[in-house]
Amino acid sequence: MPPQLFSISLILLILSCCCSGLAIPSSSIVTGANGFVGRHIVHALLIQQRQCDDVIICLVRDGKVKCEQSYWDAYLSDLKESEQCLVKVLPYDMLDDGSTLRSALQAASTSSPSSKICVYHTASVFGPTEDPVQTANDNVKSAEVVVEAMQQFILPARLVLTSSMAAVRATNQTPLNNKYYTNKDWNTLSTLDPNNWGSCYQYSKAESERRASKLVAKCPNDLEFIALCPSFVFGPPPPLPKQLQSQSSLIKQWLSGASQVQSRLCVDVRDVAKAHIAAGQMDLGDSNDHKRYILSTEARLSSELTGEALKRAVEQHLRKSGSSSNIDTSKITCDTVFDGGAIKIGNKEVECTDILRDELGVTCRSVDETFYDMVVAMLAGESF
Numbered sequence: 000m001p002p003q004l005f006s007i008s009l010i011l012l013i014l015s016c017c018c019s020g021l022a023i024p025s026s027s028i029v030t031g032a033n034g035f036v037g038r039h040i041v042h043a044l045l046i047q048q049r050q051c052d053d054v055i056i057c058l059v060r061d062g063k064v065k066c067e068q069s070y071w072d073a074y075l076s077d078l079k080e081s082e083q084c085l086v087k088v089l090p091y092d093m094l095d096d097g098s099t100l101r102s103a104l105q106a107a108s109t110s111s112p113s114s115k116i117c118v119y120h121t122a123s124v125f126g127p128t129e130d131p132v133q134t135a136n137d138n139v140k141s142a143e144v145v146v147e148a149m150q151q152f153i154l155p156a157r158l159v160l161t162s163s164m165a166a167v168r169a170t171n172q173t174p175l176n177n178k179y180y181t182n183k184d185w186n187t188l189s190t191l192d193p194n195n196w197g198s199c200y201q202y203s204k205a206e207s208e209r210r211a212s213k214l215v216a217k218c219p220n221d222l223e224f225i226a227l228c229p230s231f232v233f234g235p236p237p238p239l240p241k242q243l244q245s246q247s248s249l250i251k252q253w254l255s256g257a258s259q260v261q262s263r264l265c266v267d268v269r270d271v272a273k274a275h276i277a278a279g280q281m282d283l284g285d286s287n288d289h290k291r292y293i294l295s296t297e298a299r300l301s302s303e304l305t306g307e308a309l310k311r312a313v314e315q316h317l318r319k320s321g322s323s324s325n326i327d328t329s330k331i332t333c334d335t336v337f338d339g340g341a342i343k344i345g346n347k348e349v350e351c352t353d354i355l356r357d358e359l360g361v362t363c364r365s366v367d368e369t370f371y372d373m374v375v376a377m378l379a380g381e382s383f
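Numbering (numbering that gives the first Met the number 0), first residue to last: 0 to 383.
Set out below in structure tokens:
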């Protein structure tokens, strides 16, 4: 090929990648890929990458590899556009000093040798454990290990860390501006309390982000770093029948009256996934600054308004589908004691809408839409 023609072809390739939202071709690695957020991220990646040859590597615990690969094989077989997409499931241990992640990085570079690789690190342990302090330390260690493994990698790379609103503030912590939380706020109050797993978890999210950011700042090979801090993540399960996650189980308890509806600052999992993809593909220019985004609606609904939204979702679905249900919405009760803590319910709690729209192109959907889609999924897949 003549040099001039080769140059034109290269320019066209770069322009094509830019038009699809990528500065250069990118391969993706998702840790904790069989989790609620992780699997939604992989689905969002597939929507973005159906016309490319890049590999998506899903990292899950060793005993889950076969099941997860079967899930994706079944899903992809139904998509004509997916013929050029490759989803590869590999084993992952977040406490193996980076061995399994280095193997995944090597697999990604072998599949797409000219690619920039983006690692979406969602893996962490959430919920009560026998030793919450050790669990928190393990979560922090896993974030450090990811950065250290990526530092050893030669190709250009970006880390998108799934942090949390728990890294922004502790329970009842006062915002820096005394009004609402922004991406400048940090959780400074949560501790490693062996009798409080929630405090341990909140500590682990803040400390994971802090340490990852500090390690990246010392990295000699220009490792890019973006942290995303979602509030409580709600939303429907990913496509294909699958046992619903704990978030949906909580909604089921609310609908059945087994527990009271609570006021939550929340975000839809589909918006969380979209923000991850945008963070993985956005142009950072020459900036090495720590990018950080809160993913959330800006104010929490009261428990009463949340309960009304659930009732509307059930009634709207039954009206549209013409079906019946065993759900008795009169059983829905609400927690009217909690007032929101440091920022009262109904007041602006976080500032994030404008920056999410302007920098990531993400607008968080309404709580009504989220609950409606969750109710539809539950009525289709579970009995009450």
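We treat Cβ as the ideally placed atom computed from N, Cα and C, and that holds for glycine.
(message) Let me confirm a value: V336 is counted as buried when at least 16 other C-beta atoms fall within 10 Å, else exposed. Which label applies?
(response) What you label residue 336 is simply residue 337 of the sequence shown in a count that begins at 1. If you draw a 10 Å sphere on the C-beta of V336, you find fewer than 16 other C-beta atoms in it, and that means exposed.
(request) Work out the CA separation of V29 and V59 for me, nearest whole Å. (result) If you number the sequence shown from 1, residue 59 lands on position 60. If you number the sequence shown from 1, residue 29 lands on position 30. So the two alpha carbons sit approximately 9 Å from each other.
(request) Output the distance between the C-alpha atoms of Q252 and Y371, rounded to the nearest integer angstrom. (result) Taking the first residue of the sequence shown as 1, we reach residue 252 at position 253. Taking the first residue of the sequence shown as 1, we reach residue 371 at position 372. So the alpha carbons of these two residues sit roughly 16 Å apart.
(message) DSSP three-state label for K178, please.
(response) Counted from its first residue, the sequence shown places residue 178 at position 179. Coil, per DSSP.
(request) For A73, count neighbouring Cβ atoms within 10 angstroms of its own Cβ and tell me buried if that reaches 16, exposed if not. (result) Sequence index remark: in the sequence shown, residue 73 carries index 74 (1-based). Exposure of A73 is indicated by the presence of fewer than 16 other C-beta atoms within 10 angstroms of its C-beta.
(message) Relative to the C-alpha of F224, which candidate in V271, I56, S286, D184 has its C-alpha closest?
(response) As a working note, residue 224 is residue 225 in the sequence shown. Checking every option, the nearest Cα to that of F224 belongs to S286.
(request) Would you identify the three-state DSSP class for H275, choosing helix, strand or coil? (result) Against the sequence shown, residue 275 aligns to sequence position 276. Three-state result, H275: helix.
(request) With DSSP collapsed to three states, give me the class of H289. (result) The sequence position of residue 289 within the sequence shown is 290, counting from 1. In this structure, H289 counts as coil in the three-state DSSP scheme.
(request) Check whether the stretch 279-294 touches the stretch 309-329, counting contact only when three or more Cβ pairs, one atom from each stretch, lie closer than 8 Å. (result) Result no; under three Cβ-Cβ pairs closer than 8 Å.
(request) Output yes or no for whether 7 Å exceeds the beta carbon distance between F231 and R269. (result) Sequence index remark: in the sequence shown, residue 231 carries index 232 (1-based). Sequence index remark: in the sequence shown, residue 269 carries index 270 (1-based). Contact: no.
(message) So, at 8 Å on beta carbons, what are the nonlocal neighbours of S102 in its own chain, with the 5 sequence-adjacent residues on each side left out?
(response) The residue given as residue 102 occupies position 103 in the sequence shown. Closer than 8 Å at Cβ, skipping near neighbours: L89.
(message) Beta-carbon within less than 7 Å of Y200's beta-carbon, same chain only, minus the 5 sequence neighbours each way: which residues are those?
(response) Along the sequence shown, one-based indexing puts residue 200 at 201. Correct list, in chain order: F125, A135, A165.
(message) Can you find the residues in the same chain that come closer than 7 Å, C-beta to C-beta, to I344, ignoring five residues on each side of it along the sequence?
(response) Against the sequence shown, residue 344 aligns to sequence position 345. So the list reads S262, R299, S301, D338, once near-sequence residues are dropped.
(request) Work out the CA separation of E67 and N33 for me, nearest whole Å. (result) By 1-based counting over the sequence shown, the position of residue 33 is 34. By 1-based counting over the sequence shown, the position of residue 67 is 68. The straight-line gap from Cα to Cα measures roughly 7 Å.
(message) Could you tell me the alpha carbon to alpha carbon distance between M377 and S329, rounded to whole angstroms?
(response) To locate residue 377, count along the sequence shown from 1; it is residue 378. To locate residue 329, count along the sequence shown from 1; it is residue 330. For M377 and S329, the distance between alpha carbons rounds to 18 Å.
(request) Quick one: give me the first and last residue of the beta strand (DSSP E) that D267 is part of. (result) Taking the sequence shown and counting its residues from 1, one reaches residue 267 at position 268. It spans 265-267 - the beta strand (DSSP E) in which D267 sits, taken as one unbroken run.
(request) Could I get the ranges of all uninterrupted alpha helix (DSSP H) runs contained in the stretch 183-256, with 4 residues as the minimum, in chain order? (result) The qualifying runs are 196-216, 245-255.
(message) So, with DSSP's three-state summary, where would you put I23?
(response) Looking up residue 23 in the sequence shown gives position 24. Confidence at I23 is low in this model, with a pLDDT of 47, below 50, so its placement is unreliable and no value can be given for it.
(message) With a threshold of 6 Å on Cβ separation, who are the neighbours of L188 within its own chain once the five nearest residues in sequence on each side are excluded?
(response) Here residue 188 refers to the residue found at position 189 of the sequence shown. Result list for L188: A169, Q172, in chain order.
(message) Comparing C-alpha positions only, which one of M373, I331, L94, R157 sits nearest to A257?
(response) Numbered from 1 along the sequence shown, position 258 holds the residue referred to as residue 257. The residue with the shortest Cα to Cα distance from A257 is I331.
(message) Per DSSP, what are the beta-bridge partners of I354 in this structure?
(response) Against the sequence shown, residue 354 aligns to sequence position 355. Looking at the DSSP output, I354 bridges to nothing.
(message) Give me, in chain order, the residues of the same chain whose beta-carbon lies closer than 6 Å to that of S108; leave out the 5 immediate sequence neighbours on both sides.
(response) If you number the sequence shown from 1, residue 108 lands on position 109. Apart from sequence neighbours up to five positions away, the residues of its chain that approach S108 with a beta-carbon distance below 6 Å are L154, ordered along the chain.
(message) Please state the DSSP three-state secondary structure of C57.
(response) Translated into positions along the sequence shown, residue 57 becomes position 58. In this structure, C57 counts as strand in the three-state DSSP scheme.
(request) Would you identify the three-state DSSP class for T161, choosing helix, strand or coil? (result) Translated into the one-based positions of the sequence shown, residue 161 becomes position 162. If DSSP states are grouped into helix, strand and coil, T161 belongs with the strands.
(message) Does N186 pass the burial test, meaning 16 or more other C-beta atoms within 10 Å, or should it be called exposed?
(response) Locating residue 186 in the sequence shown gives position 187, where the first residue counts as 1. Buried, because 16 or more other Cβ atoms sit within 10 Å of the Cβ of N186.
(message) Quick check on the DSSP output: the alpha helix (DSSP H) that includes V132 runs from which residue to which?
(response) The residue labelled residue 132 in the question sits at position 133 within the sequence shown. Counting along the chain, the alpha helix (DSSP H) containing V132 begins and ends at 131-150.
(message) Rounded to the nearest angstrom, what separates V36 and A211 at their Cα positions?
(response) Position 37 of the sequence shown, counting from 1, holds the residue named residue 36. Position 212 of the sequence shown, counting from 1, holds the residue named residue 211. Rounded to whole angstroms, V36 to A211 spans 20 Å at the Cα level.
(message) For the structure I just gave you, are there three or more beta carbon pairs, one from the stretch 214-223 and one from the stretch 357-369, closer than 8 Å?
(response) Fewer than three beta-carbon pairs drawn from the stretch 214-223 and the stretch 357-369 are found closer than 8 Å, and the two stretches are therefore not classed as touching.
(message) Could you give the first and the last residue of the continuous alpha helix (DSSP H) run that contains K87?
(response) Looking up residue 87 in the sequence shown gives position 88. Run containing K87: none in the alpha helix (DSSP H); it sits in the beta strand (DSSP E), 85-90.
(request) Would you tell me roughly how many angstroms separate the C-alpha atoms of A379 and T352, rounded to the nearest one? (result) Sequence index remark: in the sequence shown, residue 379 carries index 380 (1-based). Sequence index remark: in the sequence shown, residue 352 carries index 353 (1-based). Each residue's Cα considered, the two are about 32 Å apart.
(request) Please state if the CB of V86 and the CB of I55 are separated by a distance shorter than 7 Å. (result) Taking the first residue of the sequence shown as position 1, residue 55 is located at position 56. Taking the first residue of the sequence shown as position 1, residue 86 is located at position 87. Using a Cβ distance threshold of 7 Å, I55 and V86 count as a contacting pair.
(request) Check whether the Cβ atoms of A142 and G31 lie closer than 7 Å to each other. (result) Position 143 of the sequence shown, counting from 1, holds the residue named residue 142. Position 32 of the sequence shown, counting from 1, holds the residue named residue 31. Not closer than 7 Å, so no.
(message) Which of the three DSSP states is assigned to A341 in this structure?
(response) For the purposes of this step, residue 341 is identified with residue 342 of the sequence shown, where counting begins at 1. Correct three-state label for A341: coil.
(message) Measuring only the C-alpha atoms, how far is N194 from C228?
(response) As a working mapping, residue 194 is identified with position 195 in the sequence shown. As a working mapping, residue 228 is identified with position 229 in the sequence shown. So the alpha carbons of these two residues sit roughly 25 Å apart.
(request) Taking all protein chains shown into account, decide if D53 is buried (16 or more other Cβ within 10 angstroms of its Cβ) or exposed. (result) Position 54 of the sequence shown, counting from 1, holds the residue named residue 53. Taking every protein chain shown into account, the CB of D53 has 16 or more other CB atoms within 10 angstroms, so this residue is buried.
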